[in-house]
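Chains as they are written, first to last, in this note's numbering: chain X, 1 to 163; chain L, 164 to 326; chain S, 327 to 419; chain E, 420 to 512.
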Amino acid sequence: MTDNVHSHSMSIKRSIDEAYLIAERDGFALLDVAIDEGRLKNTLDDDSCGAFVCFEGRVRNHNNATSVERLTYYGYEDLALNQGRAIIEEAKKRFEITHAIAIHRIGALEIGDVAVWVGVVSAHRYPAFDACRWILDTIKADIPVWKQEYYDNDVSKWLSNNG
Amino acid sequence: MTDNVHSHSMSIKRSIDEAYLIAERDGFALLDVAIDEGRLKNTLDDDSCGAFVCFEGRVRNHNNATSVERLTYYGYEDLALNQGRAIIEEAKKRFEITHAIAIHRIGALEIGDVAVWVGVVSAHRYPAFDACRWILDTIKADIPVWKQEYYDNDVSKWLSNNG
Amino acid sequence: MSNIDVAPNTEATMTINVLYFASLADEANCQEETVSVEQSTSLTELYEQLSQKHRFSRPQAELRVAVNDYFAKWTDQIYDGDSVVFITPVAGG
Amino acid sequence: MSNIDVAPNTEATMTINVLYFASLADEANCQEETVSVEQSTSLTELYEQLSQKHRFSRPQAELRVAVNDYFAKWTDQIYDGDSVVFITPVAGG
Numbered sequence: 001m002t003d004n005v006h007s008h009s010m011s012i013k014r015s016i017d018e019a020y021l022i023a024e025r026d027g028f029a030l031l032d033v034a035i036d037e038g039r040l041k042n043t044l045d046d047d048s049c050g051a052f053v054c055f056e057g058r059v060r061n062h063n064n065a066t067s068v069e070r071l072t073y074y075g076y077e078d079l080a081l082n083q084g085r086a087i088i089e090e091a092k093k094r095f096e097i098t099h100a101i102a103i104h105r106i107g108a109l110e111i112g113d114v115a116v117w118v119g120v121v122s123a124h125r126y127p128a129f130d131a132c133r134w135i136l137d138t139i140k141a142d143i144p145v146w147k148q149e150y151y152d153n154d155v156s157k158w159l160s161n162n163g
Numbered sequence: 164m165t166d167n168v169h170s171h172s173m174s175i176k177r178s179i180d181e182a183y184l185i186a187e188r189d190g191f192a193l194l195d196v197a198i199d200e201g202r203l204k205n206t207l208d209d210d211s212c213g214a215f216v217c218f219e220g221r222v223r224n225h226n227n228a229t230s231v232e233r234l235t236y237y238g239y240e241d242l243a244l245n246q247g248r249a250i251i252e253e254a255k256k257r258f259e260i261t262h263a264i265a266i267h268r269i270g271a272l273e274i275g276d277v278a279v280w281v282g283v284v285s286a287h288r289y290p291a292f293d294a295c296r297w298i299l300d301t302i303k304a305d306i307p308v309w310k311q312e313y314y315d316n317d318v319s320k321w322l323s324n325n326g
Numbered sequence: 327m328s329n330i331d332v333a334p335n336t337e338a339t340m341t342i343n344v345l346y347f348a349s350l351a352d353e354a355n356c357q358e359e360t361v362s363v364e365q366s367t368s369l370t371e372l373y374e375q376l377s378q379k380h381r382f383s384r385p386q387a388e389l390r391v392a393v394n395d396y397f398a399k400w401t402d403q404i405y406d407g408d409s410v411v412f413i414t415p416v417a418g419g
Numbered sequence: 420m421s422n423i424d425v426a427p428n429t430e431a432t433m434t435i436n437v438l439y440f441a442s443l444a445d446e447a448n449c450q451e452e453t454v455s456v457e458q459s460t461s462l463t464e465l466y467e468q469l470s471q472k473h474r475f476s477r478p479q480a481e482l483r484v485a486v487n488d489y490f491a492k493w494t495d496q497i498y499d500g501d502s503v504v505f506i507t508p509v510a511g512g
C-alpha cells in the first residue's frame with residue numbers, strides 16, 4: 001500500500017491549461033486540482049441554446065451508513081481521454097444537443113469537493129437533461145478512474161461502481 | 164399596449180435580499196434582476212449530498228425559425244410565491260432529495276440571460292435529475308409567468324407553454 | 327361607470343378586486359379594477375360580466391382562476407373583499 | 420527475474436509494457452513493468468502469467484483490458500512494443 005505505486009495515477013501528465021483545452025476540444029479531460037466550473041460553463045455559452053443542465057458529483061460525508069473522512073481518485077489518463085472523447089461524440093449523436101463538457105478530478109479530495117462535473121447545452125430542455133444523465137452514467141461505467149475511501153479508523157477501501 | 168398596464172408584473176414588490184431569503188426558505192421566488200447562481204448554490208451546500216443538478220433556462224436567439232431580439236417576462240408575484248412553495252414541497256415528497264431551489268426572473272431580458280434557474284441536491288444522482296426536471300416542468304405549467312417575444316420587425320407576441 | 331360596477335336593485339353586493347396580467351391587461355387596458363357585484367356571483371359569472379365589458383378574446387375554458395393569491399376552482403365561492411385573477415396560459419421557463 | 424521476463428526457448432519473443440492501477444498496483448507492488456513473452460501470447464495468457472506471478476485476487480472475468488490506451492477485446496492480438504493495462508472495475512463519479 002505504498003503511495004508510490006499509485007503516484008502515476010494521482011496527477012495528470014498535462015498542464016491545467018492543456019487539460020481545459022482538451023476538455024473544450026474533445027469534451028472530456030481529467031484534472032488534478034479543483035474544477036473551475038465557471039471556466040467550463042463559459043466554453044458552453046451559445047446564443048442558440050435555451051437549456052443548460054449541469055451535474056456536480058461531490059464527495060459525500062457517508063457511504064451507506066459508514067462515515068467517510070476523505071477519498072482519493074486515481075485515473076489512467078491516456079485511456080480516460082480517449083474514452084471520454086468517444087463518450088462525448090456518442091452523446092452528440094444520441095441526443096439533440098449543441099455541446100457537452102465533462103471533467104473528472106483525480107487525487108486526494110475532501111468532503112464537499114467536486115469529483116466530476118458534466119455540463120450540456122441544447123436548444124430545448126429534455127435533450128440536455130437526457131444527455132447529461134447519460135454522459136454521467138457512461139463516465140461512471142467506462143472511464144478508468146478508481147476510488148479509495150478513507151474512514152474514521154484510518155481503514156481504506158477500493159470501491160467499484162458495479163457492486 | 165401601454166407599458167403601464169404591465170408595470171405591476173414587470174418587477175417584484177420585495178427587495179432582492181427578501182427574494183433570496185424567500186427562495187432559501189420556501190424554495191422559490193421571483194426576481195427582477197440577473198440571477199446570482201452562486202448565491203443559490205451556496206444555500207444548497209450539504210455534506211451529505213453527493214449530487215447537485217442544475218438547470219438554467221436562457222433566452223434563445225430564435226423560437227422555431229423566427230429570430231428573437233429580446234423578450235419580457237411578466238409575473239403575478241404573490242400567486243407565484245404560493246404556488247412555487249407548493250411545487251418545492253411536492254418535489255421533496257415525490258423524490259429523495261435534500262433540498263431544491265428555483266428562481267424565475269421577470270422584466271426585460273436579453274439573449275443569453277438566464278430566465279429560470281433550478282438547483283437540486285440529493286445523496287444520489289437520479290433523484291436530483293428527476294426532481295430538477297419535474298420542478299422545471301411544473302414551473303412551466305403552473306407558475307403565473309407570461310412571456311412576450313420581440314422580433315426583428317418590432318412585432319411582439321404573447322407566448323404560451325401549452326400551445 | 328359601467329353597469330357591473332354597481333349591482334342593480336339588490337341590497338346585498340360584494341366588492342371584488344380584479345387584477346389583470348398579460349393579454350388580459352392589454353384587452354382591459356388596465357392592471358386592476360374594483361367591481362361591485364351581486365352577493366351570489368360566481369367566478370364564472372364574474373368572468374362573463376368582465377369579458378362582455380372588456381371584450382376579452384379568450385373563452386373561460388382556456389383560463390384558470392386565482393382567489394386571494396392561490397389557484398382556485400371555478401366553482402369556488404367568492405366573498406366580499408376577495409381578490410380575483412384570471413390566468414391566461416402561462417409561459418414561464 | 421521471473422520466468423516470464425524471458426520467454427523460454429523460443430527465438431521469437433515480444434516486449435510488452437504493463438501498467439498497473441488501483442488494487443492491481445497494490446498487489447503487483449509496482450505501477451509498471453516490462454515483460455518479455457512468446458510471440459503469440461494472447462491477452463488472456465498474459466494476464467494468467469502475471470496473475471500467477473503477482474497472485475492477483477481478481478479473476479480475468481472481472482476485468483477489462485486496454486491496449487495502447489484504448490479499450491480492447493480479450494481476443495485482440497498484441498504485438499511487440501504494445502502497452503497493456505488490465506482494468507479492474509472502475510469507480511468514477
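Even glycine gets a Cβ: it sits at the ideal position worked out from N, Cα and C.
Predicted model, so just to flag it, every value in this text is computed and none were measured.
Quick one: is residue i buried, meaning 16 or more other Cβ sit within 10 Å of its Cβ, or exposed?
i: R188/L; result: exposed
i: T453/E; result: exposed
i: W493/E; result: exposed
i: V318/L; result: exposed
i: Q403/S; result: exposed
i: G500/E; result: exposed
i: R58/X; result: buried
i: R365/E; result: For chain E, the structure presents residues 420 to 512; residue 365/E sits outside this window and is missing.
i: G112/X; result: exposed
i: K147/X; result: buried
i: T463/E; result: exposed
i: A338/S; result: exposed
Would DSSP call residue i helix, strand or coil?
i: H287/L; result: coil
i: K157/X; result: strand
i: V486/E; result: strand
i: A182/L; result: helix
i: C84/X; result: Residue identity check: residue 84/X is Gly in the sequence provided, not Cys. Helix.
i: W297/L; result: helix
i: Y466/E; result: helix
i: T43/X; result: helix
i: S170/L; result: helix
i: G220/L; result: strand
i: F28/X; result: strand
i: I139/X; result: helix
i: K92/X; result: helix
i: G407/S; result: coil
i: T339/S; result: strand
i: F292/L; result: helix
i: G38/X; result: helix
Which one of the options has the shortest CA to CA distance from residue i?
i: E457/E; options: I435/E, S442/E, D445/E, F475/E; result: I435/E
i: A228/L; options: A80/X, A65/X, S48/X, Y74/X; result: S48/X
i: A131/X; options: S11/X, N4/X, C54/X; result: C54/X
i: P290/L; options: R133/X, Y126/X, S122/X; result: R133/X
i: N162/X; options: V121/X, E149/X, D142/X, N153/X; result: D142/X
i: E18/X; options: V68/X, E77/X, N4/X, E69/X; result: E77/X
i: T138/X; options: A108/X, I106/X, H124/X, E90/X; result: E90/X
i: H267/L; options: V284/L, I274/L, Q311/L, L244/L; result: L244/L
i: E96/X; options: G84/X, R70/X, A23/X, V120/X; result: V120/X
i: A265/L; options: H169/L, E200/L, H171/L; result: E200/L
i: I413/S; options: H171/L, K320/L, G190/L, P307/L; result: P307/L
i: D46/X; options: Y151/X, R94/X, H124/X; result: H124/X
i: A186/L; options: I251/L, S172/L, A197/L; result: I251/L
i: L299/L; options: V277/L, V281/L, I198/L; result: V281/L
Along the beta strand (DSSP E) that carries residue i, what are the first and last residues, could you check?
i: H262/L; result: 262-268
i: T232/L; result: The question names Thr, but residue 232/L in the sequence shown is Glu. 229-238 is the extent of the beta strand (DSSP E) around E232/L.
i: V509/E; result: Element bounds for V509/E: n/a, residue is neither H nor E.
i: E149/X; result: 145-151
i: V196/L; result: First-last for V196/L: undefined, no H or E at that position.
i: T453/E; result: 451-457
If you follow the alpha helix (DSSP H) that residue i is part of, which residue opens it and which one closes it?
i: S442/E; result: 441-447
State yes or no: is the C-beta of residue i nearer than 6 Å to some heavy atom of the ligand FMN?
i: T367/S; result: As for the ligand FMN, it is missing from this structure, which has no ligand bound.
>> Along the stretch 276-307 of chain L, where does the CB come closer than 8 Å to a CB of chain S? Name the residues.
In response: A278, V279, L299, I302, K303, A304, D305, I306, P307
> Listed in chain order, which residues of the stretch 59-80 of chain X have Cβ atoms closer than 8 Å to some Cβ of chain L?
Replying inline: V59, R60, N61, H62
>> Using a Cβ-Cβ cutoff of 7 Å, what residues of the stretch 203-220 of chain L are near chain S? List them in chain order.
In response: G220
>> Against chain L, which members of the stretch 100-112 of chain X pass a CB distance test of less than 8 Å?
In response: I111, G112
> Of all the residues that make up the stretch 307-322 of chain L, which are near chain S by a beta-carbon distance shorter than 9 Å?
Replying inline: P307, V308, W309, K310, Q311, W321, L322
> Residues in the stretch 440-461 of chain E with C-beta within 9 Å of chain X's C-beta atoms, listed in sequence order?
Replying inline: F440, A441, S442, A444, D445, A447, N448, C449, Q450, E451
> Taking Cβ-Cβ distances below 8 Å as the criterion, which residues of the stretch 461-494 of chain E are in contact with chain X?
Replying inline: A485, D488, Y489, F490
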